[in-house]
Amino acid sequence: MTVSRRNLMSWGAGFVGVGAFGSARFVRAAEAAAAADDAAPFRVESFGRLAQPKAVPALSVQNEQGVEVPLAHWVGRPFILHFWATWCGPCKRELPSVNATAKALGANGPAIVAIGVRGSTIPKVRAFYDAHGIDTLPVLVDPNSEALTASADVPAALAALRQTDPTFKIPDDKAQGIAQHAVPRSLVVNAKGEIVAISVGNMDWSPEAVRRTVDALVG
């Protein structure tokens, strides 16, 4: 099974309707789904466009010093909000390449704002960063996953999944939960602070692919 796209339905069944996001059942389902991987290319077709761009939520995330940083902090140039979790196998495999791309793009490319969710505490994120040489992405967490869920767009998320894998099917009663809670997830935000596109599942990141994709989506 894969968590990327083809098996998000079965993965989602492990957490949709679960009150405790850090529950053992949720973690077991996610890790089982991570046994194999089919990362999609980072390209426009990997993203579902929102029918109408919407402002990033007026919410904050927490940095390593415990300071609340509003999502609006990054408004002013296009950027990527990347939600991940320290227990998520595909998230962890993907994050070093996300870091390498952020480093390669530097100040001239879209910023990449990685945010740990669902029990991904500052100590856990810092430990993962140190163990894997992640030195460019910010250390940020969304303690209650409010930014994750508030930034969700069900039609765009499902469009991304179906564009990447036309055979992808999900029951209507699971769709909203997948679109709101699944990670890894990347959102493209334009310079005005509007979310324009969403991708659910891990991707093959490269600096040029990221630059071209973001330019196309915010243009």
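What the sequence shown shows, in our numbering, is residues 392 to 610, in sequence order. Here a beta-carbon is modelled for each residue, glycine too, at the ideal position from N, C-alpha and C.
Spatial distance of residue i from residue j (CA atoms)
{"i": "Gly-510", "j": "Pro-534", "result": "7 angstroms"}
{"i": "Ala-522", "j": "Leu-486", "result": "12 angstroms"}
{"i": "Ala-415", "j": "Ala-463", "result": "Unreliable positioning characterises Ala-415 in this predicted model, as indicated by a pLDDT of 41, which lies under 50. A coordinate reading is not provided."}
{"i": "Gly-457", "j": "Leu-441", "result": "32 angstroms"}
{"i": "Thr-512", "j": "Val-532", "result": "6 angstroms"}
{"i": "Ala-498", "j": "Lys-560", "result": "39 angstroms"}
{"i": "Gln-554", "j": "Val-545", "result": "14 angstroms"}
{"i": "Ala-551", "j": "Ser-577", "result": "11 angstroms"}
{"i": "Thr-540", "j": "Pro-461", "result": "16 angstroms"}
{"i": "Phe-438", "j": "Lys-515", "result": "29 angstroms"}
{"i": "Pro-557", "j": "Asp-563", "result": "17 angstroms"}
{"i": "Gly-480", "j": "Gln-567", "result": "22 angstroms"}
{"i": "Gly-524", "j": "Arg-484", "result": "13 angstroms"}
{"i": "Arg-603", "j": "Ile-569", "result": "27 angstroms"}
Closest by C-alpha distance to residue i, when choosing among the options
{"i": "Trp-478", "options": "Val-545, Lys-445, Ala-573, Asp-564", "result": "Ala-573"}
{"i": "Lys-565", "options": "Ala-498, Ala-548, Lys-583", "result": "Ala-548"}
{"i": "Trp-465", "options": "Leu-450, Gly-457, Glu-455", "result": "Leu-450"}
{"i": "Lys-583", "options": "Gln-571, Val-545, Ala-446", "result": "Ala-446"}
{"i": "Ser-536", "options": "His-473, Leu-496, Ser-437, Pro-557", "result": "His-473"}
{"i": "Val-579", "options": "Gly-524, Arg-484, Pro-501, Ile-569", "result": "Pro-501"}
{"i": "Gln-571", "options": "Arg-484, Arg-603, Ala-495, Val-508", "result": "Val-508"}
Neighbourhood of residue i by C-beta distance below 8 angstroms, restricted to the same chain and skipping five residues each side
{"i": "Glu-599", "result": "none"}
{"i": "Cys-482", "result": "Trp-475, Ala-476, Val-574, Pro-575, Asn-593"}
{"i": "Tyr-520", "result": "Asp-526, Leu-528, Val-530"}
{"i": "Asp-595", "result": "Ala-430, Ala-431, Pro-432, Phe-433, Ser-488"}
Beta-carbon separation (whole angstroms), residue i vs residue j, contact threshold 8 angstroms
{"i": "Val-605", "j": "Ile-506", "result": "Actually they are not in contact, since the Cβ atoms of Val-605 and Ile-506 sit about 17 angstroms apart, beyond 8 angstroms."}
{"i": "Ser-542", "j": "Pro-448", "result": "6 angstroms"}
{"i": "Ala-518", "j": "Val-452", "result": "Contact doesn't hold; Cβ gap of about 18 angstroms is too wide."}
{"i": "Val-609", "j": "Pro-469", "result": "5 angstroms"}
Close beta carbons around residue i, own chain, < 7 angstroms, minus the five adjacent residues each side
{"i": "Ser-597", "result": "Phe-433, Thr-492"}
{"i": "Ala-607", "result": "Val-435"}
{"i": "Leu-528", "result": "Val-489, Asn-490, Ala-493, Ile-503, Ala-505"}
{"i": "Glu-455", "result": "Ile-513, Arg-517, Val-530"}
{"i": "Gly-467", "result": "Ala-582"}
{"i": "Glu-459", "result": "Ser-451, Gln-453"}
6 angstroms Cβ shell around residue i - same chain, five flanking residues per side excluded
{"i": "Pro-444", "result": "Glu-585, Val-587"}
{"i": "Leu-496", "result": "Pro-598"}
{"i": "Val-418", "result": "Bear in mind that a pLDDT of 40 at Val-418, under 50, signals an unreliable position, so the number given afterwards is only what the model happens to contain. Once the five neighbours on either side are set aside, the close Cβ partners of Val-418 are Trp-478."}
CB contact below 9 angstroms: residue i versus chain D
{"i": "Ala-550", "result": "Any reference to chain D falls outside this structure, which holds one protein chain only."}
Sequence ranges, beta strand (DSSP E) only - wholly within the stretch 457 to 513, length at least 3: 459 to 461, 470 to 475, 502 to 507
Alpha helix (DSSP H) segments (min. 4 residues) lying fully within the stretch 543 to 598: 545 to 555, 563 to 572
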